[in-house]
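Residue numbers (our numbering): 17 to 110.
By construction, the Cβ of each residue, glycine as well, lies at the ideal position given by its N, Cα and C atoms.
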C-alpha cells in the first residue's frame, strides 16, 4: 500500500514539474533587464563566461565586472554595486 502511494506521489510531482516547465516561463522579457555580475579570474568560474550569451536570448543584458579577489566581489555585492557574483569556498562561513 505504501509503495503504491509513493509511486502515485512521484508521478504527480513529475507531472507538476513537467507542466511548470512550459514555454510561458521561458519567453523573453518585454524590456531589457540589465544585471551587473562580479567575476574573478579563476578556472572554477569559467562556465559563467557563457552566461551573458545565454541570458541575451531572454532579453537580459549582463555586464561583467572583474575583481582580483573574492572578498572585493563580496563587498561590492553587499554594498549594492553588483546584482550577482560568485563566492569562493572561504566566503561560505562569512
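Cβ-based neighbour list, residue i, same chain, cut-off 8 angstroms, excluding 5 preceding and 5 following
i          : result
residue 67 : 53, 78
residue 44 : 73, 74, 75
Span separating the alpha-carbon of residue i from that of residue j
i          : j           : result
residue 46 : residue 103 : 31 angstroms
residue 89 : residue 70  : 22 angstroms
residue 97 : residue 49  : 16 angstroms
residue 51 : residue 101 : 11 angstroms
Beta-ladder partner(s) of residue i, from DSSP
i           : result
residue 49  : 76
residue 103 : DSSP output for residue 103 lists no bridge partner at all.
Contacts around residue i, its chain only, beta-carbon distance under 6 angstroms, and the 5 residues preceding and following it disregarded
i          : result
residue 55 : 80, 82
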